[in-house]
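See structure below.
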């Protein structure tokens, strides 16, 4: 997980937005950026969809590995 807090000229979002596979951003107002509670809430609300996306990707990868046929080994192999 990588978290960046940067000043931006982009518009404010009402909720976290997925901007790429597993990449989320949440743009808050300048006033909210000065409030520890608002910043904390923005980070926590972005955390949930990011974690769910990462978990979904992980489980999808495992599922693909599990669906591949496995060669059974004979006795003594």
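In the numbering used here, the protein residues as written are 139 to 215. Where a beta carbon is used, it is the ideal one built from N, C-alpha and C, also for glycine.
Across which residues does DSSP place residue i in a beta bridge pair?
{"i": "residue 162", "result": "156"}
Rounded to whole angstroms, what is the Cα-Cα separation between residue i and residue j?
{"i": "residue 177", "j": "residue 183", "result": "10 Å"}
{"i": "residue 189", "j": "residue 213", "result": "43 Å"}
{"i": "residue 153", "j": "residue 199", "result": "28 Å"}
{"i": "residue 168", "j": "residue 150", "result": "9 Å"}
{"i": "residue 192", "j": "residue 172", "result": "29 Å"}
Does the Cβ of residue i have 16 or more other Cβ atoms within 10 Å, making it buried, or fewer, making it exposed?
{"i": "residue 180", "result": "buried"}
Please identify the residue among the options whose C-alpha is closest to the C-alpha of residue i.
{"i": "residue 141", "options": "162, 168, 205 and 148", "result": "162"}
{"i": "residue 196", "options": "169, 173, 148 and 160", "result": "160"}
{"i": "residue 187", "options": "143, 145, 157 and 150", "result": "157"}
{"i": "residue 164", "options": "144, 194 and 139", "result": "144"}
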